[in-house]
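The listed protein sequences derive, respectively, from chains A and B. Going by my numbering, the first sequence opens with residue 0, and the numbers climb by one from there. Going by my numbering, the second sequence opens with residue 0, and the numbers climb by one from there. Where a beta carbon is used, it is the ideal one built from N, C-alpha and C, also for glycine. Read the structure below first, then the notes.
There are 2 protein chains.
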Amino acid sequence: MSLVVMKFGGSSVADADSVKRVARRIVETKKAGNDVCVVVSAMGDTTDDLIDLAQQISPLPPLREMDMLLTAGERISMAVMAMAIANLGFTAQSFTGSQAGIITDEQHGKARILDVTPGRVRAAMDGGHIAIVAGFQGVSHASKNITTLGRGGSDTTAVALAAALHADVCEIYSDVDGVFTADPRIVPTARKIDRISSEEMLEMAANGAKILMLRCVEYARRYDLPIHVRSSFSPKEGTLVIDTPEGEAVEASLISGVAHDRSEAKITVVGVPDHPGKAAEIFEALSQAGVNIDMIVQNVSTVQTGLTDISFTLPKTDGPTAAQFLGRVQDRVGFASLQYDDQIGKLSLIGAGMKSNPGVSATFFKALADAGINIEMISTSEIRISVITRDDQLDDAVRSVHTAFGLDSSSGEAVVYGGTGR
Amino acid sequence: MSLVVMKFGGSSVADADSVKRVARRIVETKKAGNDVCVVVSAMGDTTDDLIDLAQQISPLPPLREMDMLLTAGERISMAVMAMAIANLGFTAQSFTGSQAGIITDEQHGKARILDVTPGRVRAAMDGGHIAIVAGFQGVSHASKNITTLGRGGSDTTAVALAAALHADVCEIYSDVDGVFTADPRIVPTARKIDRISSEEMLEMAANGAKILMLRCVEYARRYDLPIHVRSSFSPKEGTLVIDTPEGEAVEASLISGVAHDRSEAKITVVGVPDHPGKAAEIFEALSQAGVNIDMIVQNVSTVQTGLTDISFTLPKTDGPTAAQFLGRVQDRVGFASLQYDDQIGKLSLIGAGMKSNPGVSATFFKALADAGINIEMISTSEIRISVITRDDQLDDAVRSVHTAFGLDSSSGEAVVYGGTGR
């Protein structure tokens, strides 16, 4: 007998019919002889509706109360899910984040999980019930206030519970079939990935693949927990995010996929005196602003002027804050001006096989060159190459790279490089 | 400094504007130097919407999950109320029933309060905050499940909290100005009662006055807690439900008011053998059915047949259950048939002064006779006379009795009987 944690997002439980459909799915898993713990998000637009209501009341609602308000959403979906399961002749018990032992810190709106003590969930399953847990929410360790986990919170709840319950797998259900080699809306020939390592999935998530939040993949990786990304609309197997023992690495593909991201902007700090410590002053200011910097490029300074330009990318939403904090240190750092550019796109090629395949970058840059794509910035990790392009060239770039690495579903086997691949 | 518990019903917090209006009212009470604890119901139609959702999912939802679902309603209203108060520059902290220490038994949907441990509410007020508590809900003592208190639950929460906090007064806000001498929709000349004893209020509530639930009046009486029934739409004083020391009884009116009730039906058990124990068998069966019997009348049996009829009144909603349980004992008891009549109305005249005023019943029955009302059943307590009439005669009966006892607002002083009244 296995223990399965199943997580269903808001689109999977958008209305009464969806809830009933998902309930049948859950009951099938239970019937197959598994212990089942289900994590649900709020139904459809519930969270947005609650945010609207709050904004009608106050332009700046207290975060503690915002969390109290928003957690009503999962409370509703978990209760009706338990009802739908009961209606199929199985018993279910729903638990709030607090009841399920999701213990967090005190940061309302973006709490981090400190501990998971799922005694009541365990007892419910031991009693033959299906346990339903509210995603996205917990209770703070010190003050016992209701907290929410922020973006991707329900996935994190599911993975954290699965880890604490020593589940065999955490199934994350959404309206897509799994993780694809590229976004199918851009690359219609993109293939579903059957199996991917957590390291690769981390790079995919960190670089724009929206199917799983970075945070939940990190959590699963730390606890060595397999995640199964699949569709609630189809019985097909999805994508298994799993780390195999070293010896099985030969099974892995050279390249997993191509991720893209349109959520970043580029800031260029123009005319920075080329003295030691100036870059540090700039990034110290940004760090104080709590801005997450992604890629950084510094031009070679000209001997004549002794000045250089420093460019970096950051989430578009952090743009105003970054500009404000840089403005405060402008006189001290002595830079001339700031340029803000949000018409950029980022493309990332991800594959564990890159480590031992020097030919990958050559193929990558040739594909971009052949497609006439201008590269503005480059960054790499052991298993990833990322480039910044113009926003309006990003789709072409993704298609071109996807094809060059033989990822298109019509092209059969993936291309093998340098002879050391599969 | 006083401690005031303020309870607002669903109609007082129907939408964002209502919530803001009520928030201003709460802040005024706080500004006046009081410690303030607020109990809120769910906003407007929220509870009905949640019930609709549940019925789309399952015809017979588990009660535990129904409670989990419905408690989302107050969670929303308490959070937005706290936001609205924060927006006025005061701080508020919201608490679920569980967090506020409303400890109940395990009866989902109609839990009874076993204990109130309002440590967090007390601490919030001591910290200068306005405490907002979700009405209608609690947490069960043994299994720590979320429970709801059933009809009138939010009033009960307010009174129970007020008692546990040793509040000076529990203010129950609704959309009417207070308790009236009769329902103003039937008797336009009905007067607001300024002050009423808990004993009289109990009789009013038990006999159809909907403004306060019986249960909450009983609770307040047990703890000697004054209730102030008032309107959230007006700053006017409402009705104070308060017991004065014996010596002040002379202040009380002879008659408090006329209550009416259309929620009952009458069942007549026809042809019951007139032997000792037969009535006991009938009411034993009804007791097992959990049916609340109100008035009972037994005809004189005729010598010829040795049979009698027994009539009783009960809530219309209990009619089918009562008929079913009586059917099961029909052969054993040996009665002939059942008659069900839901076209009845009940009128009750209530006043503490009745105890020492024998003239009251004469005036009462004369008023009904003058109005041509046929009386079908009669029951009395020390401070109440109730009669059953035809449903379509009830309004006339109420108006006639109201006038006869000088309760109309245009008629000045109340009539004095037997010389021993005020």
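Have a look at the options and flag the residue whose alpha-carbon is nearest the alpha-carbon of residue i.
| i | options | result |
| --- | --- | --- |
| A/LEU148 | A/ALA322, A/VAL175, A/ILE102 and A/CYS169 | A/ILE102 |
| B/ASP114 | B/ALA99, B/MET203 and B/ALA71 | B/ALA99 |
| B/HIS227 | B/SER300, B/PRO187, B/GLY177 and B/LEU325 | B/GLY177 |
| A/TYR339 | A/ALA264, A/PRO272, A/THR402 and A/VAL271 | A/ALA264 |
| B/MET42 | B/ARG23, B/SER57 and B/VAL18 | B/VAL18 |
| B/MET376 | B/THR388, B/GLY151 and B/ALA368 | B/THR388 |
| A/PHE404 | A/LYS365, A/GLN136 and A/ILE372 | A/LYS365 |
| A/ASP55 | B/ASP104, B/ALA78 and B/ARG229 | According to the sequence shown, residue 55 of chain A is Gln rather than Asp. The option with the nearest alpha carbon to A/GLN55 is B/ALA78. |
| B/PRO117 | B/THR95, B/GLU105, B/ARG111 and B/GLY108 | B/THR95 |
| B/ASN298 | B/ALA85, B/THR307 and B/ILE292 | B/THR307 |
| B/GLY108 | B/THR70, B/GLY270 and B/PHE89 | B/THR70 |
| A/ARG331 | A/ALA368, A/ILE382, A/HIS274 and A/THR301 | A/HIS274 |
| A/PRO319 | A/GLN92, A/ALA396 and A/VAL290 | A/VAL290 |
| A/ASP9 | A/THR45, A/ARG24 and A/THR28 | Per the sequence presented here, residue 9 of chain A reads as Gly, with Asp not at that position. When only C-alpha atoms are compared, the closest one is A/THR45. |
| B/ARG23 | B/ASP391, B/SER233 and B/VAL328 | B/SER233 |
| B/SER378 | B/GLN92, B/GLN342, B/GLU202 and B/PHE179 | B/GLU202 |
| B/ALA155 | B/ARG121, B/LEU164, B/GLY326 and B/GLU217 | It should be noted that the sequence gives Thr, not Ala, for residue 155 of chain B. Nearest option by C-alpha distance: B/GLU217. |
| A/SER97 | A/ALA85, A/LEU59 and A/VAL138 | A/VAL138 |
| A/GLU236 | A/GLY270, A/PHE179 and A/GLY276 | A/PHE179 |
| A/SER300 | A/LEU164, A/ASP293 and A/PRO272 | A/PRO272 |
| B/SER355 | B/THR243, B/ILE382, B/ASP369 and B/ASP47 | B/ILE382 |
| A/GLY426 | B/ILE372, B/PRO58, B/ARG229 and B/ASP104 | This structure gives no information on residue 426 of chain A, because the portion of chain A shown stretches from 0 to 421. |
| B/ASP14 | A/ALA53, A/PHE7, A/ALA15 and A/ARG20 | A/ALA53 |
| A/VAL257 | A/ALA396, A/ARG74 and A/VAL302 | A/ALA396 |
| A/ASP317 | A/ASP341, A/ARG220, A/VAL186 and A/ILE374 | A/ASP341 |
Using the beta-carbon of each residue, which ones in chain A are nearer than 8 Å to residue i?
| i | result |
| --- | --- |
| B/VAL39 | Near B/VAL39 there are no residues of chain A at all, since even the closest Cβ is about 12 Å away, more than 8 Å. |
| B/ALA361 | None at all; the shortest Cβ gap to chain A is about 57 Å. |
| B/ASN291 | Ordered by position in chain A, no residue passes the 8 Å Cβ test against B/ASN291, which lies about 29 Å from the chain. |
| B/ASN206 | Within chain A, no residue comes near B/ASN206; the closest Cβ sits about 36 Å away, beyond 8 Å. |
Round the Cβ separation of residue i and residue j to the nearest angstrom and send it over; I've been treating them as touching at under 8 Å.
| i | j | result |
| --- | --- | --- |
| B/SER347 | B/SER385 | 4 Å |
| A/ASN33 | A/MET0 | 6 Å |
| B/ASP193 | B/LEU239 | 7 Å |
| A/VAL4 | A/SER40 | With 8 Å as the limit, A/VAL4 and A/SER40 do not qualify as a contact, their Cβ atoms being about 14 Å apart. |
| A/SER255 | A/ILE195 | 5 Å |
| B/LYS150 | B/MET212 | Before going further, note that residue 150 of chain B is Arg rather than Lys in the sequence given. Sure, about 7 Å apart at Cβ, within 8 Å. |
| B/ALA219 | B/CYS169 | 7 Å |
Could you tell me whether the Cβ atoms of residue i and residue j are closer together than 9 Å?
| i | j | result |
| --- | --- | --- |
| B/ASN144 | B/ILE349 | no |
| A/ALA279 | A/ILE309 | no |
| B/ASP407 | B/ARG63 | no |
| B/ALA157 | B/ILE171 | yes |
| B/VAL268 | B/PHE324 | no |
| A/SER173 | A/ILE241 | no |
| A/ILE131 | A/GLN92 | yes |
| A/LEU68 | B/MET82 | yes |
| A/ASP125 | A/ARG261 | no |
| B/GLY344 | B/LEU393 | yes |
| A/VAL38 | A/THR28 | no |
| A/HIS140 | A/THR90 | no |
| A/ILE292 | A/VAL328 | no |
| A/PHE7 | A/SER231 | yes |
| A/HIS259 | A/ALA181 | yes |
Listing by chain order, which chain A residues have their CB less than 7 Å from the CB of residue i?
| i | result |
| --- | --- |
| B/VAL79 | LEU52, ALA53, ILE56 and LEU68 |
| B/ALA99 | Here the premise fails: no neighbours, minimum Cβ distance about 12 Å. |
| B/ASN33 | Ordered by position in chain A, no residue passes the 7 Å Cβ test against B/ASN33, which lies about 21 Å from the chain. |
Since residue i meets chain B, which of its residues come closer than 7 Å, beta carbon to beta carbon?
| i | result |
| --- | --- |
| A/SER93 | GLU64 and MET67 |
| A/MET82 | ALA53, ILE56, SER57, PRO60, PRO61 and GLU64 |
| A/ALA166 | Neighbours of A/ALA166 on chain B: none; closest Cβ ~23 Å, over 7 Å. |
| A/ALA288 | Ordered by position in chain B, no residue passes the 7 Å Cβ test against A/ALA288, which lies about 26 Å from the chain. |
Can you list the residues of chain B that residue i reaches, using a CB-CB cut of under 8 Å?
| i | result |
| --- | --- |
| A/ARG74 | MET67, LEU68, THR70, ALA71 and ARG74 |
| A/ALA141 | In chain order: nothing, as chain B lies at least about 13 Å away. |
| A/ASN373 | Going along chain B, no residue has its Cβ under 8 Å from A/ASN373, so there is no contact; the nearest lies around 49 Å. |
Name, please, each residue of chain A whose Cβ falls closer than 9 Å to the Cβ of residue i.
| i | result |
| --- | --- |
| B/ASN356 | Within 9 Å Cβ-Cβ: nothing; B/ASN356 doesn't reach chain A, min ~53 Å. |
Next on the checklist: Beta carbons nearer than 7 Å to chain A: which residues of the stretch 110-131 of chain B have them?
Outcome noted: none
Checklist entry - Closer than 7 Å, Cβ to any Cβ of chain B: which residues of the stretch 50-62 of chain A, in chain order? => result LEU52, ALA53, GLN55, ILE56, SER57, PRO60 and PRO61
Next on the checklist: Which residues of the stretch 9-20 of chain B have a Cβ closer than 9 Å to any Cβ of chain A? Give them in chain order.
Outcome noted: ASP14, ALA15, ASP16, VAL18 and LYS19
Checklist entry - In the stretch 294-306 of chain B, which residues sit with their C-beta less than 8 Å from some C-beta in chain A, listed in chain order? => result For the stretch 294-306 of chain B, which is checked against every Cβ of chain A, not one residue is closer than 8 Å.
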